[in-house]
Amino acid sequence: MNSAIEITDLNWKAGKSFALKDVSLRVPVGSIYGFLGPNGSGKTSTIRTFMGMTKPNSGRISVLGMSVPDELPRILGRVGYVPERPHVYPALTVGEQVKYHASFFKLWDPGWANELMDRLDVDPDRKIARMSKGETGKLLLLLALSQRPDLLVLDEPTDGLDPVVRRDVLTAVLDYVGETGATVFISSHLVHELERICDWVGVMDHGELVAEMPMHRFKNGIKKIRLEDAPEAAAEAPFRILSRSRTNGRVASETWIVRGWEDPMRMYFNGVGATVRDVVDLDLEEGFVELLRASRPSNPQGR
Amino acid sequence: MYQPMLALHWKQVRFGLIPFVVAAFALPLLAVQGLGSSIAMMDADAYRRALTFNQGLLVFFPALAASIGCVLALSSWNWDHQQKHVYALSLPIARWRYAALKMGAGAVIALVPTIAFGIGCLAATASVELPAGLHAYPVQLTVRFFLATLMAYSILFALAAGTMRTTIGVFTAAFLLLLLSGPLNHFLVQMDPMREHVHVVEWVATRIVESPGPLQIFVGNWSLIDV
């Protein structure tokens, strides 16, 4: 098994307004896979589909080498899931919720659960209905980690949390991964947060996976290039142009955002009579924004 | 797995159940209110006449059982529905098994108001001295109450467990049956004028409510004291 999650040609339609279209993605075993996308892009729908919560119209899904939905209970026994919205029962206390959750998982580790309770500072006697968003977030992570999962699926786990809790949550995840080598699938629209921890990245927009690659390629491959005497047409360019714009009102001075850039590609500009003034690295957030701009149908350079 | 689920359901429903438990205990006592022990001097007919006023309260017994079934069924799924079943669906358990455990938890909780009802019935029958020819049926009535609660619970549990689409489907089918029963009846008579006049809704209702229909238990004999 090379992939913890493998999705092929997934299609799913929710009413008339939204659909997942031909989504194919592969999460390597042992990786931390960042699943990026703006709100409403289909991240949660994709997660719910591969978790077997919604039935796809077509496509194949395998999680931890097992087929969804045929072997769902076995799969879910090895997956720790933190959903987008807290789902724990407000009528229970933390201790009761932990006991309830534990009863479903064969691999549940009570010692580890108690340790996490101390580390994350979660009070077992506290009533869930009275917990803050940060406390609930920590409880959800505790539940997901205590079952000793091979795959952690985190859907916007730090959304709305304060920086201290966010750091606690991410630290607990990284410690667990460091200790067990588990795979993590983490969705977020907070790009800078994933930049630090992920080694793979997938980008969703309007129900489609618009990019999937190792993080280092994503970060290094998207550049901002300042040019003089830029050519009108660039059909032969060895990289993909995400956008181009004129700068400082000078007719022939342009800024290009390109994807798939490597330094020897400067030769291309020599060949078309343009001069490269400078090549600037974009951080993940800028690269993400440019990639989304380029992938949207209104952009003539896109696709 | 079952025990934590029972504890969860109990914690979710316990406060909502309190008025029903009180009512289950009090209703049998109200049903014999005013009869006292001196009534033992009367003959059976006079006693039955005295009971007539109190018989009006008997209609509340099945109504109470149905209400308790309804509360238990809705409380079973309420939070899951609100969360779009995300938590339940993320648990490593077959869906039918999860639903069966939930159903079992509610059925056991139904014993709480049933016990209150049973105690109420026993207290009520102990408070009156029955004339010859009449008998009290506290245990039988309690069993009937429990079965009626379970029946209401099961039907509503099944409805509540389904998606909104299923629920709409069931109610649409019932509505269509009501709407089309007139024309259908007319058509049947046209086809066979010698045919006995059969009204479709009436036919369906009879099959459901009369023995051995599932709702027969609600319309049967709910007397605490009878011959």
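From first to last, the protein sequence lines stand for chains V and A.
Residues in the first sequence are numbered from 1 upward in steps of one, following our numbering.
Residues in the second sequence are numbered from 1 upward in steps of one, following our numbering.
Just so you know, even glycine gets a beta-carbon here, dropped at the ideal spot from N, CA and C.
Just so we're clear, the structure is a prediction, and the values are computed from it rather than from any experiment.
Checklist entry - Is GLN82 (chain A) buried or exposed, if buried means 16 or more other CB atoms sit within 10 Å of its CB? => result Walking along the second sequence from the start, residue 82 (chain A) turns up at place 82. Exposed.
Item to check | Where TRP261 (chain V) sits in the DSSP three-state scheme | outcome: Looking up residue 261 (chain V) in the first sequence gives position 261. It is coil, neither helix nor strand.
Next on the checklist: If we require 4 or more residues per run, which alpha helix (DSSP H) segments fall completely within the segment 216-293 of chain V?
Outcome noted: 266-271
Checklist entry - Measuring CB to CB, does VAL325 (chain V) end up less than 8 Å from LEU152 (chain V)? => result Within the shown structure, residues of chain V are numbered from 1 to 303, placing residue 325 (chain V) beyond reach of any answer.
Next on the checklist: Taking contact to mean 3 or more Cβ pairs, one atom from each stretch, closer than 8 Å, check whether the segment 89-108 of chain V and the segment 43-52 of chain V are in contact.
Outcome noted: no
Next on the checklist: Let me check understanding here. Comparing Cα to Cα, which of V:VAL82, V:GLY178, V:LYS106 and V:ALA102 lies closest to THR136 (chain V)?
Outcome noted: Here residue 136 (chain V) corresponds to residue number 136 of the first sequence, with the count starting at 1. The candidate whose alpha carbon is nearest that of THR136 (chain V) is V:VAL82.
Next on the checklist: Along the segment 62-78 of chain V, where does the CB come closer than 9 Å to a CB of chain A? Name the residues.
Outcome noted: LEU72, PRO73, ARG74, ILE75, LEU76, GLY77 and ARG78
Next on the checklist: Does chain A have any CB closer than 8 Å to the CB of PRO300 (chain V)?
Outcome noted: One-based indexing of the first sequence puts residue 300 (chain V) at position 300. A caution first: PRO300 (chain V) carries a pLDDT of 49, below 50, which makes its placement in the model unreliable, though a value can still be read off. False, the Cβ-Cβ gap to chain A never drops below 8 Å.
Next on the checklist: Taking a contact to mean a Cβ-Cβ separation below 8 Å, would you say ALA152 (chain A) touches ALA66 (chain A) in this structure?
Outcome noted: As a first step, residue 152 (chain A) is located in the second sequence; it is residue number 152 there, counting from the start. As a first step, residue 66 (chain A) is located in the second sequence; it is residue number 66 there, counting from the start. In this structure, ALA66 (chain A) lies closer than 8 Å to ALA152 (chain A) by Cβ.
Item to check | Boundaries of the alpha helix (DSSP H) in which LEU72 (chain V) is found, first to last residue | outcome: If you number the first sequence from 1, residue 72 (chain V) lands on position 72. Residues 72-76.
Checklist entry - Can you tell me whether DSSP reads ALA160 (chain A) as helix, strand or coil? => result Locating residue 160 (chain A) in the second sequence gives position 160, where the first residue counts as 1. If DSSP states are grouped into helix, strand and coil, ALA160 (chain A) belongs with the helices.
Checklist entry - Along the chain, where does the beta strand (DSSP E) that runs through PHE18 (chain V) open and close? => result Your numbering for residue 18 (chain V) matches position 18 in the first sequence. Run containing PHE18 (chain V): 18-28, per the beta strand (DSSP E) assignment.
Checklist entry - What is the DSSP secondary structure of SER127 (chain A), reduced to helix, strand or coil? => result As a first step, residue 127 (chain A) is located in the second sequence; it is residue number 127 there, counting from the start. The answer is coil: DSSP assigns SER127 (chain A) none of H, G, I, E or B.
Next on the checklist: Check whether chain V comes within 8 Å of LEU91 (chain A), counting only Cβ atoms and requiring the distance to be less than that.
Outcome noted: Translated into the one-based positions of the second sequence, residue 91 (chain A) becomes position 91. Yes - at least one Cβ of chain V is within 8 Å of the one on LEU91 (chain A).
Item to check | Nearest-angstrom beta carbon gap, SER62 (chain V) and ASP9 (chain V) [assumed within contact, 8 Å] | outcome: What you label residue 9 (chain V) is simply residue 9 of the first sequence in a count that begins at 1. What you label residue 62 (chain V) is simply residue 62 of the first sequence in a count that begins at 1. At roughly 13 Å, the Cβ-Cβ gap does not stay under 8 Å, so ASP9 (chain V) and SER62 (chain V) are not in contact.
Next on the checklist: Distance check for ALA4 (chain V) and PRO90 (chain V), CA to CA, integer angstroms please.
Outcome noted: As a first step, residue 90 (chain V) is located in the first sequence; it is residue number 90 there, counting from the start. As a first step, residue 4 (chain V) is located in the first sequence; it is residue number 4 there, counting from the start. Between PRO90 (chain V) and ALA4 (chain V), the C-alpha separation is close to 33 Å.
Checklist entry - ALA113 (chain V) CB to nearest chain A CB: under 8 Å? => result Reading the first sequence from its first residue, position 113 is the one you call residue 113 (chain V). By this cut-off, ALA113 (chain V) is not an interface position.
Checklist entry - From ARG303 (chain V) to LEU284 (chain V), what does the alpha carbon distance come to, in whole angstroms? => result Working through the first sequence from its first residue, we reach residue 303 (chain V) at position 303. Working through the first sequence from its first residue, we reach residue 284 (chain V) at position 284. Only weak support exists for where ARG303 (chain V) lies, its pLDDT of 40 falling under 50; the value from the coordinates is given anyway. Whole-angstrom Cα-Cα distance: 20 Å.
Checklist entry - Looking only at its own chain, which residues have a Cβ that is under 7 Å from the Cβ of PHE239 (chain V), when we skip the five neighbours before and after it? => result Your numbering for residue 239 (chain V) matches position 239 in the first sequence. Here the set comprises VAL258, ARG259, GLY260, TRP261 and MET265.
Next on the checklist: By the three-class DSSP mapping on this structure, what secondary structure does ARG119 (chain V) have?
Outcome noted: Here residue 119 (chain V) corresponds to residue number 119 of the first sequence, with the count starting at 1. Helix at ARG119 (chain V).
Next on the checklist: If you measure between the beta carbons of TYR98 (chain A) and ALA107 (chain A), is that distance less than 8 Å?
Outcome noted: In the second sequence, residue 98 (chain A) corresponds to position 98, counting from 1. In the second sequence, residue 107 (chain A) corresponds to position 107, counting from 1. For TYR98 (chain A) and ALA107 (chain A), no; Cβs fall outside 8 Å.
Item to check | Helix, strand or coil at PRO214 (chain V) [DSSP, three-state] | outcome: On the first sequence, residue 214 (chain V) is found 214 positions in, with the first residue counted as 1. It is a strand residue.
Next on the checklist: For SER17 (chain V), would you say it is in contact with chain A, using Cβ-to-Cβ distances shorter than 8 Å as the test?
Outcome noted: Position 17 of the first sequence, counting from 1, holds the residue named residue 17 (chain V). By this cut-off, SER17 (chain V) is not an interface position.
Next on the checklist: Please give the ranges of any beta strand (DSSP E) in the segment 54-107 of chain V, keeping only runs that are unbroken, at least 3 residues long and fully inside the region.
Outcome noted: 58-63 and 79-82
Item to check | Where TYR137 (chain A) sits in the DSSP three-state scheme | outcome: Within the second sequence, the letter at position 137 stands for residue 137 (chain A). Residue state, collapsed to three classes: coil.
Next on the checklist: Distance cutoff 8 Å, beta carbons only. Does VAL86 (chain A) sit that close to anything in chain V?
Outcome noted: As a first step, residue 86 (chain A) is located in the second sequence; it is residue number 86 there, counting from the start. Yes, its Cβ sits closer than 8 Å to a Cβ of chain V.
Checklist entry - Quick one: what's got a C-beta closer than 7 Å to LEU145 (chain V)'s C-beta in the same chain, skipping five residues either side? => result Within the first sequence, numbered from 1, the residue matching residue 145 (chain V) stands at position 145. Excluding sequence neighbours, LEU145 (chain V) sits near GLY80, LEU116, ALA172 and TYR176.
Checklist entry - What three-state label does DSSP hand MET204 (chain V) in the structure shown? => result One-based indexing of the first sequence puts residue 204 (chain V) at position 204. Strand, per DSSP.
Next on the checklist: I want to verify the contact list: residues of chain A whose CB lies under 8 Å from the CB of PHE105 (chain V), in sequence order.
Outcome noted: To locate residue 105 (chain V), count along the first sequence from 1; it is residue 105. Within chain A, the residues near PHE105 (chain V) are PRO92.
Checklist entry - What does ASN11 (chain V) pair with, by DSSP beta-bridge criteria? => result Position 11 of the first sequence holds residue 11 (chain V). Partner(s): V:SER58.
Item to check | Interfacial residues, the segment 62-83 of chain A to chain V, with Cβ spacing under 8 Å | outcome: TRP79 and GLN83
Checklist entry - Is VAL32 (chain A) helix, strand or coil by DSSP? => result Working through the second sequence from its first residue, we reach residue 32 (chain A) at position 32. The answer is coil: DSSP assigns VAL32 (chain A) none of H, G, I, E or B.
Item to check | Which of helix, strand or coil DSSP assigns to GLY302 (chain V) | outcome: The count along the first sequence starts at 1 and reaches residue 302 (chain V) at position 302. Reliability fails at GLY302 (chain V), whose pLDDT of 43 lies under 50, so the model's placement of it is uncertain and the value that follows must be treated cautiously. Note: GLY302 (chain V) maps to coil in three-state DSSP.
Checklist entry - Is it the case that the Cβ atoms of ASP318 (chain V) and SER24 (chain V) are separated by a distance below 8 Å? => result Lying before the first or after the last residue shown, residue 318 (chain V) is absent from chain V, which here runs from 1 to 303.
Checklist entry - So, does the CB of MET164 (chain A) fall closer than 8 Å to a CB anywhere in chain V? => result As a working mapping, residue 164 (chain A) is identified with position 164 in the second sequence. Chain V, which has no Cβ nearer than 8 Å to the Cβ of MET164 (chain A), makes this no.
Next on the checklist: If contacts are defined as beta-carbon pairs under 8 Å, then LEU36 (chain V) and VAL279 (chain V) qualify, I think. What distance do you get, rounded to the angstrom?
Outcome noted: Against the first sequence, residue 36 (chain V) aligns to sequence position 36. Against the first sequence, residue 279 (chain V) aligns to sequence position 279. With a Cβ gap of about 24 Å, LEU36 (chain V) and VAL279 (chain V) do not count as contacting.
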